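Heads up: the sequence shown is residues 38 to 466, going by this note's numbering.
Built from N, CA and C at the ideal position, the CB exists for glycine as well.
Bear in mind the structure is a predicted one, so any value in this text is a computation, not a measurement.
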Amino acid sequence: MFHDRAKIYVRGGDGGNGVVSFRREAHVPKGGPDGGDGGRGGDVAIVVDPSLRDLASFRRGSHFKAARGGHGQGANKHGATPERLEVRVAPGTVVLDPELGDRWDLLVPGQHAIVARGGSGGRGNRHFATATRQAPRFAEKGLPGEERWLTLELKLLADAGLVGLPNAGKSSLLARLTRARPKVADYPFTTLEPVLGTLERDDRQLVLADIPGLIEGASAGAGLGHEFLAHVERCRLLVHVLDLAPLDGSDPAANYATVEVELREHGHGLADLPRILCLSKSDLVPPGEVAAAVSDWEQRLELPVFATSAATGAGVPELRDAIFERVPEEEAAPQAGEQPATHRVYRPGVGDSFRVERVGPGAFRVEGGRIDRLVARHDVDNSEALRYVEERLRALGVIRALQAAGFNPGDDVEIAGIVFELDPGAPLG
Ligand SMILES: Nc1nc2c(ncn2[C@@H]2O[C@H](COP(=O)(O)OP(=O)(O)OP(=O)(O)O)[C@@H](O)[C@H]2O)c(=O)[nH]1
Ligand SMILES: [Mg+2]
38 MFHDRAKIYV RGGDGGNGVV SFRREAHVPK GGPDGGDGGR GGDVAIVVDP
88 SLRDLASFRR GSHFKAARGG HGQGANKHGA TPERLEVRVA PGTVVLDPEL
138 GDRWDLLVPG QHAIVARGGS GGRGNRHFAT ATRQAPRFAE KGLPGEERWL
188 TLELKLLADA GLVGLPNAGK SSLLARLTRA RPKVADYPFT TLEPVLGTLE
238 RDDRQLVLAD IPGLIEGASA GAGLGHEFLA HVERCRLLVH VLDLAPLDGS
288 DPAANYATVE VELREHGHGL ADLPRILCLS KSDLVPPGEV AAAVSDWEQR
338 LELPVFATSA ATGAGVPELR DAIFERVPEE EAAPQAGEQP ATHRVYRPGV
388 GDSFRVERVG PGAFRVEGGR IDRLVARHDV DNSEALRYVE ERLRALGVIR
438 ALQAAGFNPG DDVEIAGIVF ELDPGAPLG
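Spelled out as structure tokens, the structure:
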């Protein structure tokens, strides 16, 4: 079974906590604050592993959580930042965040995408020492790592694809043209998953894909075709393999149309790809008829047309040359390194703005990325930490905005899902 789709959950490590600590010296009963900072949580990266062929490994596990950052320690010791967690995928994997629209195309070894960043570490108590607060008894907590669900989709990296009805002779041709040895048999749907082979020439190599047979309705899910049409999307040339004398007595012209309709229905530019028509099994038809069929189809389609026999090898070298000639030269090869996401949509809540809302008598809610992070970082049950949070809320203009919304000292405020009583000691404003 060929696994070309998976859904995974990724989560960056939480940041380590900063700590509360005070210097201890032989003759000093209590020194200044020396609590170290927490380390960043680990990132989750998706990396290309050329030894993988499909996405089957994700059937065994689909949750990937990076390690958390170390907590700070006394004597200003920072917590450790763990190594990133690497999730390996086959070359050609498209990673998609359906919610945010982020997308990464991972094509060649060495490419990677950071899909979930670790949370930042909290600062230790020494950062909060001021003239009026020389011995702060609070520190910041680390922030949680980013988390999300991602879909993975493998799209094979073939330069040219063999397409056609079941039994048309695609696998036989692949075996003639390359070293691949796909199963060949005289019944439809012998090939159940795409098979790749390499076409070799002195100066160039091309990857050729044998795509499982398409039938009418494939683009809407009939037969096997629908699933595998996605693998043709990256091809730069299609070789349409058409049986000159189908065993079932069907009409080649109608068979040709069936496959072309499915390619068009699938979309994604398949209908616009350059084509070669390959009339297969020419050894089963008298030579005169073969020549007539070639010129007939040439006139009808204005496409390059070749008659081939996988049995005798007739026409196969010509087809090979035509494939080399017609596959456009590669554009700039994809580079190794970190891949930025494309199609990233605007993500609200990361800026400095906030919104104050009255949710009931004596109850308010404040929302905003920066405000959320401030509260997430502190333990509001610790009165010193709460006082610090109040100071920051005042400096950011939140207290003033609350007051404008009817807030009185002692009212409840909900921020980032935490409800606490806010009673700023100093005058409001
Ligand atoms: N005489 C003759 N028979 C051929 C030729 N090419 C293929 N066949 C026969 O046609 C049948 C189908 O060939 P395959 O290569 O398996 O066809 P396919 O298009 O890969 O079929 P599916 O995988 O089922 O879609 C087999 O019995 C082959 O031996 C040919 O050039 N000449
Ligand atoms: Mg086959």
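Determine the closest residue to Arg273 out of Ala441, Ala195 and Ala400, with distance taken between C-alpha atoms.
Ala195
Considering Cα atoms alone, identify which of Arg410, Glu375, Ala378 and Gln376 is closest to Phe11.
Only positions 38 to 466 of the chain appear in the structure, and residue 11 is not among them; the question remains open.
How many angstroms separate the CA atom of Pro70 from the CA atom of Asn54?
15 angstroms
Pair every Cβ in the stretch 163-170 with every Cβ in the stretch 214-224, then say whether three or more of these pairs are closer than 8 angstroms.
no
Output the distance between the C-alpha atoms of Arg363 and Gln148, rounded to the nearest integer angstrom.
Distance between the alpha carbons of Arg363 and Gln148 is about 29 angstroms.
Can we say the stretch 111-121 touches the stretch 72-91, given the rule of at least three CB pairs closer than 8 angstroms?
yes
Here's a check: name, in chain order, each residue in its chain whose Cβ is nearer than 6 angstroms to the Cβ of Pro365, leaving out the five neighbours to either side.
Arg273
Does the distance from the CB of Leu281 to the CB of Leu314 come in under 9 angstroms?
no
In its own chain, which residues sit with a C-beta less than 6 angstroms from the C-beta of Val221, not counting the 5 before and 5 after it?
Ser208 and Ser209
Taking 6 angstroms as the limit between beta carbons, can you name the residues of its chain near Gly386, skipping five residues before and five after?
With a pLDDT of only 46 at Gly386, under 50, the local geometry of the prediction cannot be trusted, and the value read off the model is given with reservation. Cβ contact annotation for Gly386 (same chain, cutoff 6 angstroms, sequence separation greater than five): Gly406, in chain order.
Assuming contact is defined by CB atoms lying nearer than 9 angstroms, are Ala85 and Leu144 in contact in what I supplied?
At residue 85 the sequence reads Val, which differs from the Ala that was named. Yes. Within cutoff.
Check whether the Cβ of Pro146 lies closer than 8 angstroms to any heavy atom of ligand 3, and answer yes or no.
Because ligand 3 does not appear in the structure shown, any question about it cannot be addressed here, the ligands present being ligand 1 and ligand 2.
Buried or exposed for Tyr425, please, with buried defined as at least 16 other CB atoms from any protein chain shown within 10 angstroms of its CB.
buried
Is the CB-CB distance between Val276 and Leu307 below 9 angstroms?
Cβ distance not < 9 angstroms, so Val276 and Leu307 don't count as in contact.
Is the CB-CB distance between Ala400 and Asp448 below 9 angstroms?
yes
Find out if the Cβ-Cβ distance for the pair Lys178, Arg414 is shorter than 9 angstroms.
yes
Measure the beta-carbon distance from Leu92 to Val47 and round it to whole angstroms, keeping in mind my assumption that it falls under 8 angstroms.
Not really, about 15 angstroms apart at Cβ, beyond 8 angstroms.
Flag Ser208 as yes when its Cβ comes closer than 8 angstroms to any non-hydrogen atom of ligand 2, and as no otherwise.
yes
Can you list, in chain order, the residues of its chain whose CB lies under 8 angstroms from that of Asp51, leaving out five sequence neighbours each side?
Gly78, Arg105, Gly106, Gly155, Gly156, Gly179, Leu180, Pro181 and Gly182
Spell out a yes or no on whether the stretch 248-258 and the stretch 186-203 are touching, meaning 3 or more CB-CB pairs, one atom from each, closer than 8 angstroms.
yes
With a CB to CB cut of under 8 angstroms and the five nearest residues on each side skipped, what residues in its chain are close to Arg140?
Cβ neighbours of Arg140 beyond the five flanking positions: Val131, Val132, Leu133, Asp134, Ala378, Thr379 and His380.
How long is the line joining the alpha carbons of Gly466 and Pro371, rounded to whole angstroms?
Low local confidence applies: a pLDDT of 44 at Gly466 is under 50, so the model's placement there is unreliable, and no value is given.
Alpha carbon to alpha carbon, how far is Arg429 from Gly49?
27 angstroms
Can you grab the Cα-Cα spacing for the pair Ala348 / Asp320, in whole Å?
Cα-Cα distance, rounded: 7 angstroms.
Specify the secondary structure class of Asp134 as computed by DSSP and reduced to three states.
coil
May I ask you to report which of helix, strand or coil DSSP gives Glu451?
strand
Roughly how many angstroms separate the alpha carbons of Leu356 and Arg241, rounded to a whole number?
16 angstroms
Which stretch, first to last residue, makes up the alpha helix (DSSP H) that contains Asp358?
Val353 to Arg363
Around the Cβ of Asp285, are there at least 16 other Cβ atoms within 10 angstroms (buried) or fewer (exposed)?
Flag for Asp285 reads exposed.
Specify the secondary structure class of Tyr425 as computed by DSSP and reduced to three states.
helix
From the DSSP secondary-structure annotation, give me the bridge partner or partners of Val21.
Shown here, the chain extends from 38 to 466; a query on residue 21 therefore has no answer.
Any idea what DSSP makes of Ile313, helix, strand or coil?
strand
For the beta strand (DSSP E) that Leu45 lies in, which residues bound it at each end?
Checking the sequence shown, residue 45 turns out to be Ile, not Leu. Ile45 -> beta strand (DSSP E) spans Arg42 to Arg48.
Identify every residue that forms a DSSP beta bridge with Trp186.
Tyr46
Classify Asp247 as helix, strand or coil using the three-state DSSP reduction.
strand
Smallest Cα separation from Asp309: which of Ser317, Glu299 and Leu236?
It is Glu299 whose Cα lies nearest to the Cα of Asp309.
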